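Below is one structure, written out as structure tokens, with a few remarks after it.
Laid out in structure tokens, this is it:
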């Protein structure tokens, strides 16, 4: 593996769309006891359900702490590959590399800087050094050359690509004080274009209410095809999410993508009843630095936009809510050639994210060979 100090755009690489074909998916086994209640056991069952669903149509590699290898091997289906690797938590989307591809199909990875969603300003845990080394280790594992972008703080959940030069992100996240405070919005736009091989960045103003990542885009809006997005939505004007979603919809309808197309925006409802953490669930979380990480009745950032697109399926979070079925039907219409697989996702949400947050796709392509 080579560590590269050029830029993907200059080298002819760009970020493929998630709805393109994949060579596989990366996940990380949950261990952290102040993120996952009851020592992580309920969350592990949810992770197994997600990994098993994805493994029906693409290879899944689970990164696992050495202390959990035997447990994970027993719980996961045999087709899921296990690789021992130490991490600080289980958010594969945010700590694994973002993969880029060139016209010849060659794959390379981007190693962003990671500081737990805000560092010492408003980050969620410290230290984060193990997480900050995951991307480079994964590139080595997959024999993918790696772009050194550790000087720029970015998580995979903060970006979406249409595969044709357009990137979605949110101002509330990438312009937050804890990420790249010395950079202006225009400078961040330039950085995204040169690292992701893009020519157009769409800056949604906000994300999902209460999203502790400073409102990652993968919870509020996602491309389903070039020129088409789904947007988290509520019709309840008294819900604090309404104003956030309305601002995003207004913005999107005024924009065009990298090819000059106006965007088709499909509303994807959020759960009808806000998903809140119960007191008994809070009691099963360890403290961090002497303080609780959750409080009873805290509203969680539940969104059906946080789905994963496997090669032949859409893995959709479910919250035991009347909108579960409606969300699956809307996504089925967006992806008629993929099977809809609903997964009970409350245990993942209690940790702070959802199905898209715990997965990272590896685009289909060629990786480096050192042998003729």
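Numbering (the working numbering), first residue to last: 11 to 382.
Beta carbons are placed, not taken as given, at the ideal position from N, Cα and C, and that holds for glycine.
Fair warning: this is a prediction, and the values are worked out from it, not measured in the lab.
Determine the direct distance from the alpha carbon of residue 323 to that of residue 213, and round the result to whole angstroms. Counted from its first residue, the chain shown places residue 213 at position 203. Counted from its first residue, the chain shown places residue 323 at position 313. C-alpha separation (whole angstroms): 28 Å.
I need the DSSP call for residue 359, collapsed to helix, strand or coil. Sequence index remark: in the chain shown, residue 359 carries index 349 (1-based). Three-state DSSP puts residue 359 in a helix.
In angstroms, rounded to a whole number, what distance separates the CA positions of residue 387 and residue 274? Nothing can be reported for residue 387, as the shown portion of the chain is limited to 11 through 382.
Do you know offhand how far residue 61's Cα is from residue 371's? Locating residue 61 in the chain shown gives position 51, where the first residue counts as 1. Locating residue 371 in the chain shown gives position 361, where the first residue counts as 1. Taking the straight line from one Cα to the other gives about 12 Å.
If I'm right that residue 316 touches residue 246 with Cβ under 8 Å, what's the distance once you round it to whole angstroms? Position 306 of the chain shown, counted from the start, is the residue given in the question as residue 316. Position 236 of the chain shown, counted from the start, is the residue given in the question as residue 246. With a Cβ gap of about 20 Å, residue 316 and residue 246 do not count as contacting.
With DSSP collapsed to three states, give me the class of residue 128. Residue 128 sits at position 118 when you count from the first residue of the chain shown. Here residue 128 sits in coil by DSSP.
To test your reading of the DSSP string, which unbroken beta strand (DSSP E) runs of 3 or more residues are found completely within the segment 71-139? Whole beta strand (DSSP E) segments, 3+ residues: 91-94, 108-111, 117-123.
Quick check on the DSSP output: the beta strand (DSSP E) that includes residue 231 runs from which residue to which? Position 221 of the chain shown, counting from 1, holds the residue named residue 231. Per DSSP, the continuous beta strand (DSSP E) segment holding residue 231 begins and ends at 231-235.
From the DSSP output, in three-state form, read off residue 242 for me. For the purposes of this step, residue 242 is taken as the residue at position 232 of the chain shown. Secondary structure at residue 242: strand, using DSSP grouped into helix, strand and coil.
I'd like to confirm the pairing. Which residues does DSSP put opposite residue 69 in its beta bridges? In the chain shown, counting from the first residue as 1, residue 69 sits at position 59. BP columns for residue 69 point to 34.
May I ask you to list the residues that DSSP assigns as paired with residue 445? For residue 445 there is no data in the structure shown, the boundaries of the chain being 11 and 382.
Would you check if there are 3 or more beta carbon pairs closer than 8 Å linking the segment 275-293 to the segment 18-36? Inter-segment contact for the segment 275-293 and the segment 18-36 is absent: fewer than three beta-carbon pairs are separated by less than 8 Å.
If you drop the 5 nearest sequence neighbours on each side, which residues of the same chain put their C-beta closer than 8 Å to that of residue 125? Here residue 125 corresponds to residue number 115 of the chain shown, with the count starting at 1. Taken in chain order, the residues that qualify are 133, 138, 142, 163, 188, 189.
Taking the C-alpha atoms as reference points, what is the distance between residue 397 and residue 249? With the chain covering 11 to 382 only, the question about residue 397 has no answer from this structure.
So, with DSSP's three-state summary, where would you put residue 162? Residue mapping note: residue 162 aligns to position 152 of the chain shown, counting from 1. In the three-state DSSP reduction, residue 162 falls in the strand class (E or B).
Expected contact under 8 Å - CB spacing of residue 321 and residue 45 to nearest Å: Position 311 of the chain shown, counted from the first residue, corresponds to residue 321. Position 35 of the chain shown, counted from the first residue, corresponds to residue 45. Taking a contact as a CB-CB distance under 8 Å, the pair residue 321 and residue 45 does not count as one, their CB atoms being some 29 Å apart.
Taking Cβ to Cβ, would you say residue 312 is nearer than 8 Å to residue 281? As a working note, residue 312 is residue 302 in the chain shown. As a working note, residue 281 is residue 271 in the chain shown. Yes.
For residue 52, collect the residues of the same chain with a Cβ closer than 6 Å to its Cβ; drop the 5 residues on either side in sequence, then sort them by chain order. Position 42 of the chain shown holds residue 52. Here the set comprises 357.
Integer-rounded CB distance, given that residue 340 should sit under 8 Å from residue 278: What you label residue 278 is simply residue 268 of the chain shown in a count that begins at 1. What you label residue 340 is simply residue 330 of the chain shown in a count that begins at 1. Sure, about 6 Å apart at Cβ, within 8 Å.
Which first and last residues belong to the alpha helix (DSSP H) in which residue 275 is found? Along the chain shown, one-based indexing puts residue 275 at 265. Taken as a continuous stretch (DSSP letters only), residue 275 belongs to no alpha helix (DSSP H), being part of the beta strand (DSSP E) at 274-279.
Secondary structure, beta strand (DSSP E): runs of 3+ residues fully inside the segment 304-382: Listed in chain order, they are 323-328, 349-354, 370-373.
Is the separation between the beta-carbon of residue 353 and that of residue 100 shorter than 8 Å? Against the chain shown, residue 353 aligns to sequence position 343. Against the chain shown, residue 100 aligns to sequence position 90. Their beta carbons are not under 8 Å apart, which means residue 353 does not touch residue 100 by this criterion.
Contact under 8 Å by Cβ, residue 254 with residue 216: As a first step, residue 254 must be located in the chain shown, where it is residue number 244. As a first step, residue 216 must be located in the chain shown, where it is residue number 206. In this structure, residue 254 places its C-beta atom within 8 Å of the C-beta atom of residue 216.
Straight-line CA distance for residue 355 to residue 292? Mapped onto the chain shown, residue 355 falls at position 345. Mapped onto the chain shown, residue 292 falls at position 282. When rounded, the distance between both Cα atoms is 17 Å.
Determine the DSSP secondary structure at residue 13, reduced to helix, strand or coil. On the chain shown, residue 13 is found 3 positions in, with the first residue counted as 1. Strand, per DSSP.
Apart from the five residues on each side of it in sequence, which residues of its chain come closer than 6 Å, Cβ to Cβ, to residue 149? Walking along the chain shown from the start, residue 149 turns up at place 139. Hits under 6 Å: 11, 107, 119, 156.
Between the alpha carbons of residue 128 and residue 165, how many angstroms are there, rounded? On the chain shown, position 118 is the one that residue 128 refers to. On the chain shown, position 155 is the one that residue 165 refers to. When rounded, the distance between both Cα atoms is 10 Å.
What residues in its chain sit with their C-beta under 8 Å from that of residue 79, if we drop five residues either side in the sequence? Here residue 79 corresponds to residue number 69 of the chain shown, with the count starting at 1. Answer for residue 79: 92, 94, listed in chain order.
If you follow the beta strand (DSSP E) that residue 210 is in, where does it begin and where does it stop? Taking the chain shown and counting its residues from 1, the one referred to as residue 210 is at position 200. Its beta strand (DSSP E) spans residues 210-214.
Between the beta-carbon of residue 376 and the beta-carbon of residue 115, is there less than 8 Å? Numbered from its first residue, the chain shown carries residue 376 at position 366. Numbered from its first residue, the chain shown carries residue 115 at position 105. Going by C-beta atoms, residue 376 is nearer than 8 Å to residue 115.
Just tell me which of 236, 333, 241, 237 has its CA closest to the CA of residue 226. For this step, residue 226 is matched to residue 216 along the chain shown. The option with the nearest alpha carbon to residue 226 is 241.
Span separating the alpha-carbon of residue 195 from that of residue 185: Taking the chain shown and counting its residues from 1, the one referred to as residue 195 is at position 185. Taking the chain shown and counting its residues from 1, the one referred to as residue 185 is at position 175. Rounded to the nearest angstrom, the gap between the Cα atoms of residue 195 and residue 185 is 7 Å.
So, is residue 76 buried or exposed, given that buried needs 16 or more other C-beta atoms within 10 angstroms? Here residue 76 refers to the residue found at position 66 when the chain shown is read from its first residue. Around the C-beta of residue 76, fewer than 16 other C-beta atoms lie within 10 Å, and the residue is accordingly described as exposed.
With DSSP run on the structure shown, which of helix, strand or coil describes residue 222? Numbered from its first residue, the chain shown carries residue 222 at position 212. Here residue 222 sits in coil by DSSP.
Taking 8 Å as the threshold (C-beta atoms), are residue 18 and residue 110 in contact? Residue 110 sits at position 100 when you count from the first residue of the chain shown. Residue 18 sits at position 8 when you count from the first residue of the chain shown. Result yes, Cβ atoms of residue 110 and residue 18 sit closer than 8 Å.
In the DSSP assignment, the alpha helix (DSSP H) including residue 250 goes from what residue to what residue? Position 240 of the chain shown holds residue 250. Segment 250-263, the alpha helix (DSSP H) holding residue 250.
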